[in-house]
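Structure first, commentary second.
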Amino acid sequence: MKDRDAINGATPPPPSDLSARRTTPMYVRSLLWKNWLLKRRHPMATFLEVALPCVFIVLLSVLKNQTTKVTVPAGWSDDTASPFDKNVGTSYNLFALESTDMSPRFYTTEVTLTGLIMSLAGQTIRGGIKLDELAPSDLSACTTGVLVRGAIDTDPSSPYRVPDACAGKVSPYKIAIAPDNTFTREYFMQTMDQWYPRIKLRNGTGVVPEIPSLRESVVFFKTAKDLEDYITSNNYGDGVKNPRIYGGIVFDKLPGEDDIGQFTSIEYSLRLNSTTNGRGATSLVPRTIGDPPALSPFQRKINVDHYPRYATSGFMTLQTLVTRFVTSPSVQEALLKPLRQVPQPYLGGAVAPFPIETYINAPFYDQVKDVFALVFILAYLYCVSRILVVFIQEKESRLREYMKILGVKEKAIIISWYITYGAILLVGTFFQALAGLVGQGIAFSNISVLSDNFRFSTALLFFLIDTVLYTLLGLYFEKVIPKDYGTTLNPHQ
Numbered sequence: 351m352k353d354r355d356a357i358n359g360a361t362p363p364p365p366s367d368l369s370a371r372r373t374t375p376m377y378v379r380s381l382l383w384k385n386w387l388l389k390r391r392h393p394m395a396t397f398l399e400v401a402l403p404c405v406f407i408v409l410l411s412v413l414k415n416q417t418t419k420v421t422v423p424a425g426w427s428d429d430t431a432s433p434f435d436k437n438v439g440t441s442y443n444l445f446a447l448e449s450t451d452m453s454p455r456f457y458t459t460e461v462t463l464t465g466l467i468m469s470l471a472g473q474t475i476r477g478g479i480k481l482d483e484l485a486p487s488d489l490s491a492c493t494t495g496v497l498v499r500g501a502i503d504t505d506p507s508s509p510y511r512v513p514d515a516c517a518g519k520v521s522p523y524k525i526a527i528a529p530d531n532t533f534t535r536e537y538f539m540q541t542m543d544q545w546y547p548r549i550k551l552r553n554g555t556g557v558v559p560e561i562p563s564l565r566e567s568v569v570f571f572k573t574a575k576d577l578e579d580y581i582t583s584n585n586y587g588d589g590v591k592n593p594r595i596y597g598g599i600v601f602d603k604l605p606g607e608d609d610i611g612q613f614t615s616i617e618y619s620l621r622l623n624s625t626t627n628g629r630g631a632t633s634l635v636p637r638t639i640g641d642p643p644a645l646s647p648f649q650r651k652i653n654v655d656h657y658p659r660y661a662t663s664g665f666m667t668l669q670t671l672v673t674r675f676v677t678s679p680s681v682q683e684a685l686l687k688p689l690r691q692v693p694q695p696y697l698g699g700a701v702a703p704f705p706i707e708t709y710i711n712a713p714f715y716d717q718v719k720d721v722f723a724l725v726f727i728l729a730y731l732y733c734v735s736r737i738l739v740v741f742i743q744e745k746e747s748r749l750r751e752y753m754k755i756l757g758v759k760e761k762a763i764i765i766s767w768y769i770t771y772g773a774i775l776l777v778g779t780f781f782q783a784l785a786g787l788v789g790q791g792i793a794f795s796n797i798s799v800l801s802d803n804f805r806f807s808t809a810l811l812f813f814l815i816d817t818v819l820y821t822l823l824g825l826y827f828e829k830v831i832p833k834d835y836g837t838t839l840n841p842h843q
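Residue 351 is where the sequence shown starts when you use the numbering used here, and the numbers rise one by one after that.
See the structure below:
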């Protein structure tokens, strides 16, 4: 060998220089050049890897332009096409009625506390268990006593207790108050006794319609924890002694006994049933709990599903009750007596949504939302298949084993393909961004904005996690799965 090198006039490099140049970056550069030559041999396939996602974006844009866009005007409006112009939505006045059942379209009224108390009696009868087992006379006495006379008290000594004719088959609905202390019993409820006493609707003898007092419609709990434990207990709703809870007023922060009647901070929570049924239907009030809480920052149209619930379920009624109690100082008793007797309007407070700004409604997105995930997969299916092809070809042609024999490291091969297709997809993103300039999309300014309890940045984070996870799994299986050529490692080591 030395003589041959001497004859050719070449001096062989020392072994130390060769080993120093056998580094991963050197292998990666060589493999990248190899990948470039492979891609240049198949220009059409490389072009389709970049162009197909752009073609799908352009195709969706063309289909979107074929649908009719509706410009929804500002105010109380919706996307119903106007009879004069199908491209313009319909505006209504605040008090407009639905054409089907003549109910208010946007405007609604807050339920009065008197109406809420009376509705609890109706729910008590509707929630009765096996009332048909009662004798006709007992059934009549039970329903008349609860619905007409307002006999809903759970105190056995009260003249307005639940009729014995009900035979324990009804459990009255109550409003829970917690905690049970001097402030809630001696201050809050004494004021409520003046505001909402028992009222007879007419004079006369016999069965006279009466509205129960608020005191008869509440039940006290020592703490909020006791309220929660009671609702989840097995005795909940079992007969008259275990009433059902329609809603709760929980005072989280209240004045001490020495500070009652003075200006101090009071914090309270209103708790109503927000459980959704199996079909996702909203209960008394919408669910606002969760991490993150329900939020729709991209909502543009008026949603008439939620805000009427707060008005008609009694949520706003209880809120008005506590707010008026907190903000009404005890002065000039003679003048305030009429206000205390009627602290809320007979017809209820007005509730209406805020008017909206004008926007363009594109029904195309609602039409393709069920198939968009499939379209997205099809857009990148060819590129993914090409990635699989190059890996399979390397395995079938034993090219990877030959490169390992020559000293190329496994990680250099993987890194080279990551860089190759990272560059191809990066080029594709520029053309996709140009193709997607037809409307507003995701940008760095709104990448983390919460939409339907999901952030796009979360998807990118999981893409990154999946990339690392599946790469590690692929390298592991490459080492331990038996194959015809090369050596495998013991998976238990």
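Ideal Cβ positions, reconstructed from N, Cα and C, are used throughout, including at glycine.
| Item | Value |
| --- | --- |
| Note the first and the last residue of the continuous beta strand (DSSP E) segment covering Glu578. | Segment Ala574 to Ile581 is the alpha helix (DSSP H) holding Glu578; no beta strand (DSSP E) there. |
| Residues in the same chain with beta-carbon distance under 8 Å from Pro695, minus the five sequence neighbours each way, listed in chain order, please. | Because Pro695 carries a pLDDT of 49, less than 50, the predicted location of this residue cannot be relied on, and no value is offered for it. |
| With C-beta atoms as the reference, is Ser567 less than 7 Å away from Ile467? | yes |
| Look at Leu382 and Ser766 and say whether their C-beta atoms are less than 7 Å apart. | yes |
| Identify the residues that DSSP records as bridge partners of Thr459: which are they? | Ala700 |
| Where does the unbroken alpha helix (DSSP H) through Glu746 begin, and where does it stop? | Phe722 to Glu746 |
| Using 10 angstroms around the beta-carbon of Gly472, count the other beta-carbons present and answer buried if the total reaches 16, otherwise exposed. | exposed |
| Judging by CA-CA distance, which residue of Asn437, Ser380, Glu744 and Ile502 is the nearest neighbour of Ser469? | Ile502 |
| Pick from Cys516, Gly606 and Phe538: whose alpha carbon is nearest that of Asp482? | Cys516 |
| For Leu402 and chain C, any beta-carbon pair shorter than 7 Å? | Going by chain labels, chain C is absent from the structure shown, which holds only one protein chain. |
| Any contact of the segment 508 to 522 with the segment 574 to 590, i.e. 3+ C-beta pairs under 8 Å? | yes |
| Looking at the secondary structure, which residues open and close the beta strand (DSSP E) in which Phe601 lies? | Arg594 to Lys603 |
| Select from Thr670, Pro636 and Phe648 the residue whose C-alpha is nearest the C-alpha of Tyr657. | Pro636 |
| Assuming Thr458 and Val734 form a contact by the criterion Cβ under 8 Å, report the distance between their Cβ atoms to the nearest whole angstrom. | Going by Cβ atoms, the distance from Thr458 to Val734 rounds to 52 Å, so no, they are not a contact pair. |
| Classify Tyr768 as buried or exposed, calling it buried when 16 or more other Cβ atoms lie within 10 Å of its own Cβ. | exposed |
| Closest to Gly439 by C-alpha separation, out of Ser449, Pro423 and Leu447, would be which residue? | Pro423 |
| Spatial neighbours of Gly425 within its chain, please: C-beta separation below 6 Å, excluding the five flanking residues on both sides. | Ser441 and Pro705 |
| Are the segment 405 to 420 and the segment 790 to 801 touching, with three or more C-beta to C-beta distances below 8 Å? | no |
| To the nearest angstrom, how far is it from the Cα of Gly772 to the Cα of Thr837? | 30 Å |
| Grouping DSSP H, G and I as helix and E and B as strand, with all else coil, what is Thr550? | It is Lys, not Thr, that sits at residue 550 in the sequence shown. Lys550: strand per DSSP, three-state reduction. |
| So, using beta-carbon positions, are Ile610 and Ile595 closer together than 7 Å? | no |
| What three-state label does DSSP hand Asp543 in the structure shown? | helix |
| Looking only at its own chain, which residues have a Cβ that is under 8 Å from the Cβ of Lys829, when we skip the five neighbours before and after it? | Thr838 and Leu839 |
| How long is the line joining the alpha carbons of Val512 and Gly500, rounded to whole angstroms? | 9 Å |
| Report the rounded CA-to-CA distance for Thr808 versus Phe406, giving the unit in angstroms. | 24 Å |
| For a minimum of 4 consecutive residues, which ranges assigned as the alpha helix (DSSP H) are wholly contained in the segment 416 to 455? | none |
| Just to confirm the assignment, what range does the beta strand (DSSP E) spanning Ser619 have? | Glu617 to Leu622 |
| What does a CB cutoff of less than 7 Å around Asp720 pick up in its chain, not counting 5 residues either side in sequence? | none |
| So the candidates are Ser380, Ser507 and Ala395; which of them puts its Cα closest to the Cα of Arg736? | Ala395 |
| Identify which residue in Pro433, Arg748, Gly478 and Phe456 has its Cα closest to the Cα of Val520. | Gly478 |
| Per the DSSP calculation, Lys524 is bridged to which residue(s)? | Ile595 |
| Near Met713, what residues of its chain come up, given a Cβ to Cβ distance below 7 Å and the 5 sequence neighbours on each side ignored? | Rather than Met, the amino acid found at residue 713 in this sequence is Pro. Cβ neighbours of Pro713 beyond the five flanking positions: Thr417. |
| List the endpoints of the continuous alpha helix (DSSP H) containing Asn385. | Thr374 to Arg391 |
| Since Ala762 and Thr374 should fall inside the 8 Å C-beta cutoff, what is the C-beta to C-beta distance between them, to a whole number of angstroms? | 5 Å |
| In three-state terms, what does DSSP make of Ile479? | coil |
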